[in-house]
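These notes are about the structure you will find just below.
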Amino acid sequence: MKNIKATIITIGDELLIGQTIDTNSAWIAQQLNVLGIDVFRRVAVADSEPGIELALDEEIPRADIVLITGGLGPTSDDITKPFLCKYFGGKLIVNEDVLEHVRQLFEVRKRPFLEINRKQAEVPDVCTVLRNEMGTAPGMLFEQDGKWIISMPGVPFEMQSIMTHEVLPRLKERFISDAIIHRNIITSGEGESFIAEMLTDFEAALPPYIKLSYLPAPGSVKLRLTAKGADTERLTQELEKLHAEMAHILERIVVCTEDISWQELLGRTLLHKKATVCLAESCTGGYIA
């Protein structure tokens, strides 16, 4: 199976001056990682045509998939949509489905529908429209020489909705042919470098189609085994064996062999032991609870 490469381009002056933290790239990369798609570059550019053009000119030849967030609003500084239309040689047309969706959103929110809002229904005639259930700006999918260029809003919950319902299913159908299986172990008590030392021989013996990733977080390190291949049953059996072997090597520091949060793990432990927990907080705003 060919390694599918992706680039993430985030657009917005606010990202470059530190006014807004880019959480979109991290979330997108996590979703693509689950599919086995490698994000090998992340690029942030200003709200300017030259900046966007340079990023596209550089990234489209390198990647199979280019995902763009930002600049799809109705105001004058939102230039992504008209620029992409020009870049891919199209013209803006009103999409009646999007127009009706935008009207309904304003009606539900009891807000007046202005002419500026009508612009949200304008899309390039050379793209596939990606429905945005959570907002007014639709996503757009362009194809060039077999490459996919996908543009989405910068608002995180809108982007996540489009990714979940429109983009990820299409990526699976278009680019993913082999099975991709993950197994996780969560550890606590030792740092990433110490764990890597413990797993030196284990990792060196892994076949080329199985990869081990280290995902450190405050107080813990998550280890993820990822297998890719055509034979799902054989992959699953092999991965389960390696998962058990790794858990045995790290037995002293293993907290959980599933991919769950600390909160869920604590809840399960309390239920299993039929125990409760009581917290007394001061000056934390209920953060622990």
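Heads up: the sequence shown is residues 951 to 1239, going by the working numbering.
Ideal Cβ placement from N, Cα and C applies to all residues, glycine included.
From a predicted model like this one, the values you see are computed outputs, not experimental measurements.
Q: Please determine if the stretch 975-986 and the stretch 1037-1046 are in contact, where contact requires at least 3 C-beta pairs separated by less than 8 Å.
A: Verdict: no, contact absent.
Q. At which residues does the alpha helix (DSSP H) containing N1037 begin and terminate?
A. Residue identity differs from the one stated: residue 1037 is Tyr in this sequence, not Asn. Its alpha helix (DSSP H) spans residues T1030 to Y1037.
Q | Stretch pair the stretch 1117-1136 + the stretch 1166-1174: three plus CB contacts closer than 8 Å | A | The stretch 1117-1136, when compared against the stretch 1166-1174, does touch it at the 8 Å Cβ threshold.
Q: Quick one: grab the DSSP three-state call for P1103.
A: Coil, per DSSP.
(Q) If the criterion is Cβ atoms closer than 9 Å, does the pair I1099 and L1006 meet it? (A) Less than 9 Å separates the beta-carbon of I1099 from that of L1006.
Q) Quick one, which of G1179, K1097, L1080 and F990 has its alpha-carbon nearest D1128's? A) The residue with the shortest Cα to Cα distance from D1128 is G1179.
Q) In terms of residues, what are the limits of the alpha helix (DSSP H) holding K1191? A) Element bounds for K1191: T1182 to I1199.
(Q) Short of 7 Å in beta carbon distance, which residues of its chain neighbour A994, apart from the five on each side in sequence? Order them along the chain. (A) For A994, where only same-chain residues beyond five positions count, the Cβ hits under 7 Å are T960, L965, L966 and D972.
**Q.** Residue interval of the beta strand (DSSP E) (run including I958)
**A.** Its beta strand (DSSP E) spans residues K955 to I961.
Q | Residues near K1069 by beta carbon distance below 7 Å, same chain, minus five either side | A | Taken in chain order, the residues that qualify are P1024.
**Q.** Neighbour-count burial assignment, T1234, 16 or more Cβ in a 10 Å radius
**A.** T1234 counts as exposed, since fewer than 16 other C-beta atoms from the protein chains shown sit within 10 angstroms of its C-beta.
Q. Would you report the Cα separation of R992 and I958, rounded to the nearest angstrom?
A. Each residue's alpha carbon lies about 5 Å from the other.
Q | Three-state secondary structure assigned by DSSP to M1084 | A | Coil at M1084, not helix or strand.
Q: Please list, in chain order, all residues of the same chain as F1125 whose beta carbon is under 6 Å from its beta carbon, the five residues on each side excluded.
A: Here the set comprises I954.
Q. Is it buried or exposed for F990, if we count other Cβ within 10 angstroms and need 16 for buried?
A. Under this definition F990 is an exposed residue.
Q | Cβ contact check for the stretch 1044-1064 and the stretch 1081-1089: 3 or more pairs under 8 Å | A | They touch, by the three-pair rule.
**Q.** Whole-Å CB distance - T1207 paired with A1197, under 8 Å assumed
**A.** 6 Å between Cβ atoms; contact.
Q) Which term fits G1104, buried or exposed, when burial requires 16 or more other beta carbons within 10 angstroms of its beta carbon? A) When all chains shown are included, G1104 counts as buried.
Q | Supposed close pair S975, T1030 - CB separation, criterion 8 Å | A | Actually they are not in contact, since the Cβ atoms of S975 and T1030 sit about 16 Å apart, beyond 8 Å.
Q. In or out: G1236 buried (at least 16 other Cβ within 10 Å) or exposed?
A. Taking all protein chains shown into account, G1236 has fewer than 16 neighbouring C-beta atoms within 10 Å of its C-beta and is therefore exposed.
Q: Kindly list the residues whose CB is nearer than 6 Å to the CB of V1079, restricted to its own chain and excluding five residues on each side of it in sequence; keep chain order.
A: Cβ neighbours of V1079 beyond the five flanking positions: N1045, V1073 and P1088.
Q) Got a sec? Which residues, its chain only, sit under 7 Å from E1214 by beta carbon, not counting five neighbours each side? A) Apart from sequence neighbours up to five positions away, no residue of its chain approaches E1214 with a beta-carbon distance below 7 Å.
Q: Please name the residue in Y1159, L1034 and L985 whose C-alpha comes closest to that of T1019.
A: Selected option, being the one with the closest Cα: L1034.
Q) By Cβ distance below 8 Å, which residues in the same chain neighbour I1130 in space, the five residues on each side in sequence not counted? A) Cβ neighbours of I1130 beyond the five flanking positions: V984, L985, G986, T1176, A1177 and K1178.
Q. Span of the beta strand (DSSP E) holding P1074?
A. Per DSSP, P1074 belongs to the beta strand (DSSP E) from E1072 to P1074.
Q. Roughly how many angstroms lie between the CA atoms of Y1159 and E1093, to the nearest whole one?
A. Counting only the Cα atoms, E1093 lies some 29 Å from Y1159.
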